[in-house]
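Asker:
Residue numbers (the working numbering): 48 to 408.
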């Protein structure tokens, strides 16, 4: 049990009025030395160094071993000079700590062998503290922060949003129709409330502990909500719990990025749930999206990751168009609108990072 004094320490530790790192300044909507850039899944399968580690260790082994997760996190920062690192992990391991049997099957992706099929399954879910199941990630954050802090490179921690985790927990893995999770949502509203409340409890604790461990910013991934739900269902079944989560994360004392996929048609509802920075996908132009959420709100995005497979002339055209739409306003963080693809050429990443940093300086 932490004392009230201990709980206040993380906020105090990060209480810089005006940070110097370009990424953190952009998160606060402040003018920066250049437009900061990092890429979702920047530590991953497009890098030979990552593939070499994964050839020896499973996904869960790499996530839960601090030294391995730290090394994977640092690889792209060393290679490309990104303005921020994001801790190597996955959104799903917290579900294992709650009692679900999780594995990552090669060629198939994440699988949960005991998905939630009854209301009793929901009631049996545990809500353990982050140290119980995610100590490896917390340890990795401490290692990476210790190396990057002297270089003024911020580290981002992350977790999944309640609906996205609920969809995996009920469907048993990835889904195209989301029929099982939506059927639960519609037919058992009381059980849905209990499930979402438990997920908020676990994720809030996990994210707050990441900030305590040294994460200088946090990102919440709502990867599936826009694929599964329209505006009205989002407002009714998801927004109350996202609001609860982001309200709790204010105690972290670090900027929080709210990223969602496929939510262009109701991005204002998403933004209203909270988060200091809105992370957006590539489906709508950046200038239109920024106007919807308000220019006073920092924005992250939103290059189509497939553009990184294109020759430089086309990639440069898309990058220049995106930067023109950002209009040089403070508060823009350059990123892809979904995770970087495994077939992405390293030269394109290297060229992109240097081009953004030099062109916007």
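Yeah, the Cβ is synthetic: ideal placement off N, Cα and C, and Gly gets one too.
These numbers were taken from a predicted model, which means no experiment stands behind them.
Identify whether residue 379 lies in helix, strand or coil by the three-state DSSP scheme.
Answerer: Stepping through the chain shown from its first residue, residue 379 is reached at position 332. The answer is strand: DSSP assigns residue 379 an E or B state.
Asker: On a Cα-Cα basis, can you pick out the residue from 145, 138, 120 and 114 that is closest to residue 168?
Answerer: Locating residue 168 in the chain shown gives position 121, counting from the first residue. Nearest C-alpha to residue 168: 145.
Asker: If you draw a straight line from the C-alpha of residue 278 to the C-alpha of residue 152, how long is it?
Answerer: The residue labelled residue 278 in the question sits at position 231 within the chain shown. The residue labelled residue 152 in the question sits at position 105 within the chain shown. One C-alpha to the other measures close to 33 Å.
Asker: Tell me which same chain residues have a C-beta within less than 8 Å of the C-beta of residue 339, skipping the five on either side of it?
Answerer: Within the chain shown, the letter at position 292 stands for residue 339. Around residue 339: 314, 315 and 318.
Asker: Looking only at its own chain, which residues have a Cβ that is under 7 Å from the Cβ of residue 161, when we skip the five neighbours before and after it?
Answerer: On the chain shown, position 114 is the one that residue 161 refers to. Answer for residue 161: 147 and 148, listed in chain order.
Asker: Could you say which of 211, 283 and 251 lies nearest to residue 237 if we only look at CA atoms?
Answerer: Position 190 of the chain shown holds residue 237. Between residue 237 and the set 211, 283 and 251, the nearest pair of CA atoms involves 283.
Asker: Does the separation of the CB atoms of residue 263 and residue 202 fall below 8 Å?
Answerer: Taking the first residue of the chain shown as position 1, residue 263 is located at position 216. Taking the first residue of the chain shown as position 1, residue 202 is located at position 155. In this structure, residue 263 lies near residue 202, with their beta-carbon atoms less than 8 Å apart.
Asker: Measuring straight from C-alpha to C-alpha, what distance separates residue 379 and residue 119?
Answerer: As a first step, residue 379 is located in the chain shown; it is residue number 332 there, counting from the start. As a first step, residue 119 is located in the chain shown; it is residue number 72 there, counting from the start. Put simply, the backbone Cα of residue 379 is about 26 Å away from that of residue 119.
Asker: Cutting at 8 Å between CB atoms, please list the residues of its own chain near residue 356, excluding the five before and the five after it.
Answerer: Against the chain shown, residue 356 aligns to sequence position 309. 388, 390, 391, 392 and 395, listed in sequence order.
Asker: Give the C-beta separation of residue 266 and residue 306 to the nearest angstrom, bearing in mind that I take them to be a contact with Cβ-Cβ under 8 Å.
Answerer: Stepping through the chain shown from its first residue, residue 266 is reached at position 219. Stepping through the chain shown from its first residue, residue 306 is reached at position 259. About 6 Å separates the CB atoms of residue 266 and residue 306; that is less than 8 Å, so the two are in contact.
Asker: Could you tell me which residues DSSP pairs with residue 350 in its beta bridges?
Answerer: Counting from 1 along the chain shown, the entry for residue 350 is found at position 303. Residue 350 pairs with 383.
Asker: Is it buried or exposed, residue 253, if we count other Cβ atoms within 10 angstroms and call 16 or more buried?
Answerer: In the chain shown, residue 253 corresponds to position 206, counting from 1. Sixteen is the threshold: when 16 or more other Cβ atoms of the shown chains lie within 10 Å of the Cβ of residue 253, as they do, the residue is buried.
Asker: Between the C-alpha atoms of residue 382 and residue 227, what's the straight-line distance to the nearest angstrom?
Answerer: Reading the chain shown from its first residue, position 335 is the one you call residue 382. Reading the chain shown from its first residue, position 180 is the one you call residue 227. In a straight line, the C-alpha of residue 382 is about 32 Å away from that of residue 227.
Asker: Compute the distance between the beta-carbons of residue 347 and residue 354, then report whether it is under 8 Å.
Answerer: As a working mapping, residue 347 is identified with position 300 in the chain shown. As a working mapping, residue 354 is identified with position 307 in the chain shown. No.
Asker: Using three-state DSSP, classify residue 247 as helix, strand or coil.
Answerer: Residue numbering aside, residue 247 sits at position 200 when the chain shown is read from its first letter. Reduced to three states, the DSSP call for residue 247 is helix.
Asker: Tell me, which residues are paired with residue 181 by DSSP?
Answerer: Counting from 1 along the chain shown, the entry for residue 181 is found at position 134. Paired residue(s): none; residue 181 is not in a bridge.
Asker: Closest to residue 165 by C-alpha separation, out of 77, 289, 110 and 232, would be which residue?
Answerer: Stepping through the chain shown from its first residue, residue 165 is reached at position 118. Closest option to residue 165, Cα to Cα, is 232.
Asker: Can you give me the C-alpha to C-alpha distance between residue 312 and residue 342, rounded to a whole angstrom?
Answerer: Translated into positions along the chain shown, residue 312 becomes position 265. Translated into positions along the chain shown, residue 342 becomes position 295. Approximately 18 Å, taken between the alpha carbons.
Asker: Identify which residue in 73, 68, 136 and 219 has its Cα closest to the Cα of residue 304.
Answerer: Here the question's residue 304 lines up with position 257 in the chain shown. The option with the nearest alpha carbon to residue 304 is 73.
Asker: Below 6 Å CB to CB, which residues in the same chain sit around residue 288 once its five sequence neighbours on both sides are set aside?
Answerer: In the chain shown, residue 288 corresponds to position 241, counting from 1. Setting aside the 5 residues that flank it on each side, residue 288 is surrounded in the same chain by 209, 243 and 247, each with a C-beta closer than 6 Å to its C-beta; the list follows chain order.
Asker: DSSP state of residue 186, grouped into three classes?
Answerer: Numbered from its first residue, the chain shown carries residue 186 at position 139. If DSSP states are grouped into helix, strand and coil, residue 186 belongs with the helices.
Asker: Can you list, in chain order, the residues of its chain with a C-beta nearer than 6 Å to that of residue 352? Leave out the 5 residues immediately preceding and following it.
Answerer: Within the chain shown, the letter at position 305 stands for residue 352. Closer than 6 Å at the Cβ level, and outside the excluded window around residue 352, lie 383, 385, 387 and 388.
Asker: Is residue 321 closer than 8 Å to residue 293 when the C-beta atoms are compared?
Answerer: Numbered from its first residue, the chain shown carries residue 293 at position 246. Numbered from its first residue, the chain shown carries residue 321 at position 274. In this structure, residue 321 lies closer than 8 Å to residue 293 by Cβ.
Asker: Classify residue 308 as helix, strand or coil using the three-state DSSP reduction.
Answerer: In the chain shown, counting from the first residue as 1, residue 308 sits at position 261. Here residue 308 sits in coil by DSSP.
Asker: So, at 6 Å on beta carbons, what are the nonlocal neighbours of residue 111 in its own chain, with the 5 sequence-adjacent residues on each side left out?
Answerer: In the chain shown, counting from the first residue as 1, residue 111 sits at position 64. Excluding positions up to five away in sequence, the list reads 183.
Asker: With DSSP collapsed to three states, give me the class of residue 369.
Answerer: What you label residue 369 is simply residue 322 of the chain shown in a count that begins at 1. In this structure, residue 369 counts as helix in the three-state DSSP scheme.
Asker: Please name the residue, chosen from 193, 275, 207 and 269, that lies closest to residue 260 on a Cα-to-Cα basis.
Answerer: In the chain shown, residue 260 corresponds to position 213, counting from 1. Measuring from the Cα of residue 260, the nearest candidate turns out to be 193.
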